[in-house]
Structures are given as C-alpha cells and as structure tokens.
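This report refers to the structure that appears directly beneath it.
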Amino acid sequence: MNNNNKHLSHCHHNHGDMDHSKHEHVSTEEHGDHKNQHQEHHAEHDHSGHSGHDHSGHGELFKRKFLVSLFLSLPIIFLAPMMGVDLPFQLTFPGSQWVVLIFSTILFLYGGEPFISMAKSELRAKRPGMMTLIAMGISVAYAYSIYAFIMNNFTQSPHVMDFFWELATLILIMLLGHWIEMTAVSNASNALKKLAELLPDKVTLIQGETRAEVSLKEVKIGNILLVKSGDKMPADGIVVKGQTLVDESAVTGESKGVVKAVGDEVIGGSINGEGTIQIQVTGTGESGYLAKVIQLVKQAQSDKSSLELLSDKVAKWLFFGAVGVGTLAFVIWLFLTDLPTALAFTVTVLIIACPHALGLAIPLVVSRSTSIAAQNGLLLKKRSALEAAKELDMILLDKTGTLTEGKFEVTAITALGDLSTEELLKYEGAIESTSNHPIAQSVMAYIKQQGIQPYQASESTTISGKGLCGVVNGKEINIVSLKALRDLGYTVEEEIYKEYQEQGNTISFIIVDRILQGMIALGDRIKPEAKAFITALKEQGIEPVMMTGDNRGSAKSVAEYLGIETYFSEMLPEDKEAKVGEFVALGKKVAMVGDGINDAPSLARATVGIAIGAGTDVAIESADVILINSNPMDILHFIQLAKQTRLKMIQNLWWGAGYNLLAIPIAAGILAPFGIVLDPALGAILMSISTVIVAINAMTLKMK
Numbered sequence: 001m002n003n004n005n006k007h008l009s010h011c012h013h014n015h016g017d018m019d020h021s022k023h024e025h026v027s028t029e030e031h032g033d034h035k036n037q038h039q040e041h042h043a044e045h046d047h048s049g050h051s052g053h054d055h056s057g058h059g060e061l062f063k064r065k066f067l068v069s070l071f072l073s074l075p076i077i078f079l080a081p082m083m084g085v086d087l088p089f090q091l092t093f094p095g096s097q098w099v100v101l102i103f104s105t106i107l108f109l110y111g112g113e114p115f116i117s118m119a120k121s122e123l124r125a126k127r128p129g130m131m132t133l134i135a136m137g138i139s140v141a142y143a144y145s146i147y148a149f150i151m152n153n154f155t156q157s158p159h160v161m162d163f164f165w166e167l168a169t170l171i172l173i174m175l176l177g178h179w180i181e182m183t184a185v186s187n188a189s190n191a192l193k194k195l196a197e198l199l200p201d202k203v204t205l206i207q208g209e210t211r212a213e214v215s216l217k218e219v220k221i222g223n224i225l226l227v228k229s230g231d232k233m234p235a236d237g238i239v240v241k242g243q244t245l246v247d248e249s250a251v252t253g254e255s256k257g258v259v260k261a262v263g264d265e266v267i268g269g270s271i272n273g274e275g276t277i278q279i280q281v282t283g284t285g286e287s288g289y290l291a292k293v294i295q296l297v298k299q300a301q302s303d304k305s306s307l308e309l310l311s312d313k314v315a316k317w318l319f320f321g322a323v324g325v326g327t328l329a330f331v332i333w334l335f336l337t338d339l340p341t342a343l344a345f346t347v348t349v350l351i352i353a354c355p356h357a358l359g360l361a362i363p364l365v366v367s368r369s370t371s372i373a374a375q376n377g378l379l380l381k382k383r384s385a386l387e388a389a390k391e392l393d394m395i396l397l398d399k400t401g402t403l404t405e406g407k408f409e410v411t412a413i414t415a416l417g418d419l420s421t422e423e424l425l426k427y428e429g430a431i432e433s434t435s436n437h438p439i440a441q442s443v444m445a446y447i448k449q450q451g452i453q454p455y456q457a458s459e460s461t462t463i464s465g466k467g468l469c470g471v472v473n474g475k476e477i478n479i480v481s482l483k484a485l486r487d488l489g490y491t492v493e494e495e496i497y498k499e500y501q502e503q504g505n506t507i508s509f510i511i512v513d514r515i516l517q518g519m520i521a522l523g524d525r526i527k528p529e530a531k532a533f534i535t536a537l538k539e540q541g542i543e544p545v546m547m548t549g550d551n552r553g554s555a556k557s558v559a560e561y562l563g564i565e566t567y568f569s570e571m572l573p574e575d576k577e578a579k580v581g582e583f584v585a586l587g588k589k590v591a592m593v594g595d596g597i598n599d600a601p602s603l604a605r606a607t608v609g610i611a612i613g614a615g616t617d618v619a620i621e622s623a624d625v626i627l628i629n630s631n632p633m634d635i636l637h638f639i640q641l642a643k644q645t646r647l648k649m650i651q652n653l654w655w656g657a658g659y660n661l662l663a664i665p666i667a668a669g670i671l672a673p674f675g676i677v678l679d680p681a682l683g684a685i686l687m688s689i690s691t692v693i694v695a696i697n698a699m700t701l702k703m704k
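Note that full-length UniProt numbering has the sequence shown beginning at 1, numbered continuously upward.
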C-alpha cells in the first residue's frame, strides 16, 4: 500500500465518485424549463371544444335545470303536436296554444340558458363547438315556432307546423345528458375529493403541559400534535414521541402497515394504528403532502396529450362540417318539400352532430386515470407521459434506492494507518452527519450503535459525483471511493477490499490530512420485488439497463443477480445524463428511473422521467411521473395503466368520431327515400346516449 503524503487540492475540490452524490441538490430548472414552457403553452391555449368550460358544480346546475325544465315541459308535451301530428295522449282546449307558447318561452330562456351562455363563450373565444351547435339548434327551433305561432294565430295563411314539442324534448334530453355527463366527470375526479377529505377537522395541540382541541386551520409548522390510536394524521410531520403502525394506503397506495418511531416522517391523512404518538408538524395546508398531490393531479389533468389535441381538431372540423351539411340539407329539402320539413332536417343535423362524445372521449379517461393513479401512489406530473410510456424500448434504472433498499449496513471497518477504528469513525461521523444520503445515515446509525461520539465538523462539502470532504479539528478529511483514490495516486492492496467488492459492497476510503487512514465497506440489500420486476420488464419486451455511481464489482454483483445484461458503473450524474441522451439519440423510447435529486438531469432528458421513492417530497421538477413508494413494481403498474389509458382513449375516439360521421348523413335525410328519418328529439336522444357510452367506458378504467 502506497501511503505517502500526497498533494491533495483543497477540500472544495474534493475527489471521490462513490454514490454519495445522491444528496446533492442539482438544479433542475435548466432541464425542466422546456417541458414547463410547453405545458404552460397548452394551458393557455386550450383548443378543446368541451374542456374549455369549467365543470365545477355543473352536475348540480344541470340537475336543477333538468328537474325544473321537466316540470315546464309537461304542459308542452301534452298540448303540442309532434312534427304536426297529434299524439294519442295529447289534449287541446281553447287557448291551449297560448299555454304552449308561454311555457316554451320560459323553458327556452331557463333550460336553454346554459347552452346559449356557453355558446357565447365559444364564439367570443373564436372556438365554435358543441355548445354553439346546441344553441343554434334550439334557437332555430324556437324562432321558427314563434313564426309558426304568429302565422297560425294572426293570419289567414295555410297552417305552419311548429316545433314547440321538439324544442321541449330537445332541451330536456340535452339537460339530462349533461347532468349524467357532469356526474361522470365529477366521479372521475372523486379521488381528489377523497384525498381532500382525509384530514380531520379538529386536532389535539400540545403546548408544554397543556392539551387543547383546536381547528386544523390553526395548526402551524413546528406545532406538536397528539395523535391517538385510530386517528387520522392531521398534518405532515415527524414523530417526536412514541411508536406506532401507520396505514398509508389511502394516501400512497402502500398496502402494508408502516412502522413509525421517533424521527420518522408521517403523512397527513394516513391512519394511526395501535400506538399513541406525538408529531411535530412539518407541512400544513398548501405546503402539505395532500395539497401538493391534489395540485399535481389538477396540473396533469390540464395538460394535453397528442390524442386529445387530435380530438380537439376533429371536434372543431365537425362543427364546420355540421353547419355545412345542415345548410346543404336545408337547401335541398326546401327545394324538394317545404320549409318546416327542411327546418326539421337542419335542426336534427345541428343537434345530432354535437361532438359531445368526442369532446369527452379523452378528458374523461385522463381524469379517471390520473385520479386513480394518485390513489395508488403514482403521480402524473405530465399527462403526455401516459402516452409515451405505452411504447417504451428500455428503462434505465439507478441502482441505489430503485433496485436496492438504499439502507446500507456497515460490513467492515479497517484501519490502514496509525488511527484506531474508533478514531476513524469519529472523523467519518463528523463529515457524514452533515449528509442525508442513505450511506451517510447508515454510517451514523452504526456509529451510534457502537456508542461512539463523533467529532464536530467545522466545514463540510459535497461535490457532484465526488463524495464528501470537510474540516474536523483543523484536519482536512476526504471520504472517497476506490476509483477516486487511484485517481489521486494512492495504491492499496487488492486483498484489503476485493472480498467486500465482490459481494457488492460499496467501498470508501478515509483520508485524514492527505494520509490514507482507513476503509469502510457498506452493503445494500436488493429489494425483494426487484427480480420479479426485471423479469416482467423483459417479458414485456422492455430492456432493463442499470446505471450506478458504485464500483464495477458492486454493480456486476447486483446486475448478475437480477438478470440485467447491460449495466454501467462508476457514473457521475453528468455521465448518466449523457447515457440517456445517447439512447434517445438512437431513436429509443427511454424511461429513466431515479431519486429525482441526483438523477434530475437524467430524468429531464429521458422520454419519460420517473422519480421513485419520493415520499412526501412530490415537488420534483424534473420528473414526468412521481412514485411515492419505493416499490419497483409500481413502475409496472404505471406502464400497465398507460397502456389501458391509451386503449380507452382510442376506443372513445372511435366511438365519438365514428358516431358523428355515421349519424350526420342520416340526420340530413340521406336515407329518407328508404323511409328512415330521424326526428330532432330522437337525434338528441342518440347524441346523449353516445355521450353516456363514452362516459361509462371511461369509468371502467381500473388499476390492475
């Protein structure tokens, strides 16, 4: 072993490429900027014929409008003829036509108001769509009926057929269809409401020796709260007293109870199990985990995928197509028959062509998928990730924390100089205590277990991919990997580290004032689900590739055990990003899975960036998808959800667009010579049924 006094540059140019860099705070602004700008662009320019309207509270609005309109419609349905034909149940009496006129006018102004109001919004935005079509249909029917009423009651001209019966049934069916539709939209986002309802209204605040029940709104960060057995966690926090088993299934999808002791984090909304604990609040309101999750899901639901942009374009052209076909039908039928018949065909075309089913085809599926994903601990930051994930070629996996537990245990500590192992651990602990990386936490746990009190560091620094360094008791301390040690010109006998390296241990060396003094080996357990996860990826035709900052021996050991053929070791964050870029440049659809901090550049560069094991830290800018838990099987769940979502989108698109393409020519009267004619009311029924079918299909989407 060469242990000469080497020239080491100052601590701030520390060397060492061990995987300590996990806790480095890499800026993600540069890498996430383009994606964010793209997302903002679509948020500002919503081209959807339907999603441009705010649906909040619309379910109750349409329910109320429908029930009142049903009452208003009854006199019209019983007193007015349908298409000029008296029905068996219809009544007439002197002045009954005035009753029909009055109720029809009230119904048009009250029941038709939502459609006319939203049509105005569409026209102001220069985006005529389905509401414009509905408004045109009912307005034409009402205006012509007024004309017919005047001609029939104030002139001696031949009887003119009115459309009061059609107007009433049309508005009634439209309101019913929208009520059902808005209920479906609301149900699709119910997961968000359930999340918001997870927090209790009242909490027990501890102040010194006193305990007081206060409103959750009064709780501030730093407060100490008492959480009894069976209670919901009132806020995000850290356990400061007691131990318990927590059910996090409602907030993260984690099915197993999670043991929480002093120092562990708890999530607001999770359920306290057997023990009574005290927590110190770390996040409330907008800063809390649930608020962030709800915000992320809303953000994802406002994002647009290429399929939705396509449906928006089709809906836009359907509007112009419907107006064109309606006008053509009017001219042809006016030439062949009379004005009432021509008008009936025109109104039917306008109503039946409403691309409601098409407008709902994608938003309902996405609303459903993003909400159920959130309930299962999968947060979609960018909706487009669902589309990209269905055709992945490979998944690049960071080793530590993704395939392994990230819970290191000290397997060996060897003195290589004149310092004892206890003295080495005091220096090591001084530097590691400033880091929150799993390796550092494991070293500190070992030191505590040994009953050793570490020194205090006056300086400590982390350099990207270069490990740790600092100043302790006036001495410069460097903690470096084997590769970094060699780069510095040190040599060390292979038998000292070989055995540990072959077992997949992470090896680091301690340099005190430029003298190599010791080695510490840490082992990381492979996650029990990792092997099944890799096997499942291969079965789906997705190539797994492992990347790690650890030494080659450690990487090889894990890769061989899991059955990963391609792996890269001793990689810095910039190396990982370059490798991702290399595969993307080859035309590969690449997902990158990492911790969202050290791997931020790689996540931003990949086709789909997946941050795993985020816990309560869901504000990861560089990721497209955030997995709350550390279970790699959640990656498979996400891919399966992406495929199911895509399938439902395509099914709904075909139904929505296909229905319109078939129905419009029939509504225009192309089959009239064969005796097949659609009444405007029947057209409205068919249009509403198509919308309901699309909604039901979206609601059948489930997490496998």
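Glycine included, every Cβ here is placed at the ideal spot set by N, Cα and C.
For L386 and F408, the rounded distance between their alpha carbons: 34 Å
Can you check DSSP and say which residues form a bridge with D201? According to DSSP, D201 bridges with nothing at all.
With C-beta atoms as the reference, is Y427 less than 8 Å away from I294? no
Cα separation between L175 and L199? 35 Å
Considering only DSSP beta bridges, list what L522 is partnered with. V410, T506
For M461 and C469, what's the separation of their Cα atoms in angstroms? It is Thr, not Met, that sits at residue 461 in the sequence shown. Using only the alpha carbons, I get a separation of about 5 Å.
How long is the line joining the alpha carbons of A532 and V349, rounded to whole angstroms? 55 Å
Run through DSSP, which three-state label would F568 get? strand
Roughly how many whole angstroms lie between the Cα atoms of K648 and S384? Roughly 15 Å separates the two Cα atoms.
Just verifying my parser: in three-state terms, what is the DSSP assignment at L488? coil
Alpha helix (DSSP H) segments (min. 4 residues) lying fully within the region 416-499: 421-432, 438-449, 482-487
CB-CB under 7 Å to G406, same chain, minus the five flanking residues each way: which ones, in chain order? T400, P438, D524
Terminal residues of the alpha helix (DSSP H) in which P665 lies: That run of the alpha helix (DSSP H) goes 633-667.
Considering R64, what are the terminal residues of the alpha helix (DSSP H) in which it resides? 58-79
CB-CB under 6 Å to G177, same chain, minus the five flanking residues each way: which ones, in chain order? S688, T691
What separation, rounded to the nearest whole angstrom, lies between the Cα atoms of L290 and Q450? If I take the Cα positions, the gap works out to 39 Å.
Can you confirm whether the region 365-375 touches the region 510-519 when touching is taken to mean that 3 or more C-beta pairs between the two stretches lie within less than 8 Å? No: fewer than three Cβ pairs fall under 8 Å.
Under the three-state reduction of DSSP, which class applies to T97: helix, strand or coil? The sequence shown places Gln at residue 97, rather than the Thr named in the question. Helix at Q97.
Mind the definition here: the region 338-348 touches the region 153-168 only if three or more C-beta pairs lie below 8 Å; say whether that holds. yes
Same chain only: Cβ atoms within 7 Å of residue 708, ignoring 5 sequence neighbours per side: Since the first residue of the chain shown is 1 and the last is 704, residue 708 is not available in this structure.
At a cut-off of 7 Å, would you count T346 as near the ligand GDP, judging by its Cβ distance to the nearest heavy atom? Of the ligands one can find in the structure shown there are none, so the ligand GDP has no counterpart to examine.
I believe L225 touches A235 by the beta-carbon criterion, under 8 Å. Please report the beta-carbon distance rounded to the nearest angstrom. About 7 Å separates the CB atoms of L225 and A235; that is less than 8 Å, so the two are in contact.
Do K527 and T404 have their CB atoms nearer than 8 Å? yes
Would you list the one or two residues that DSSP bridges to D550? DSSP lists no partner for D550.
Could you work out which residue in A389, T132, I102, K202 is closest to G609 when comparing CA atoms only? The shortest Cα separation from G609 among A389, T132, I102, K202 belongs to A389.
Does the region 626-639 touch the region 656-665, meaning 3 or more C-beta pairs lie closer than 8 Å? no
Excluding sequence positions up to five away, which residues of its chain have a Cβ less than 6 Å from the Cβ of S157? M151
Sort S121, A668, L109, I76 by Cα distance to G95 and report the nearest one. Out of S121, A668, L109, I76, the CA that lies nearest to the CA of G95 is found in I76.
Are the CB atoms of T607 and V625 within a distance shorter than 8 Å? Result no, Cβ atoms of V625 and T607 do not sit closer than 8 Å.
Who pairs with V625 in a beta bridge, going by DSSP? According to DSSP, V625 bridges with L380, I610.
Please report the straight-line C-alpha distance between A555 and E570, rounded to a whole angstrom. 9 Å
Measure the Cβ-Cβ separation of L562 and A530 and say whether it is below 8 Å. yes
Inspect the beta-carbon positions of A672 and A329 and report whether they are closer than 8 Å. no
Assigned secondary structure, G273 (DSSP; H/G/I helix, E/B strand, else coil): coil
Reducing DSSP to helix, strand and coil, say where T404 ends up. strand
Alpha carbon to alpha carbon, how far is T284 from M547? Rounded to whole angstroms, T284 to M547 spans 37 Å at the Cα level.
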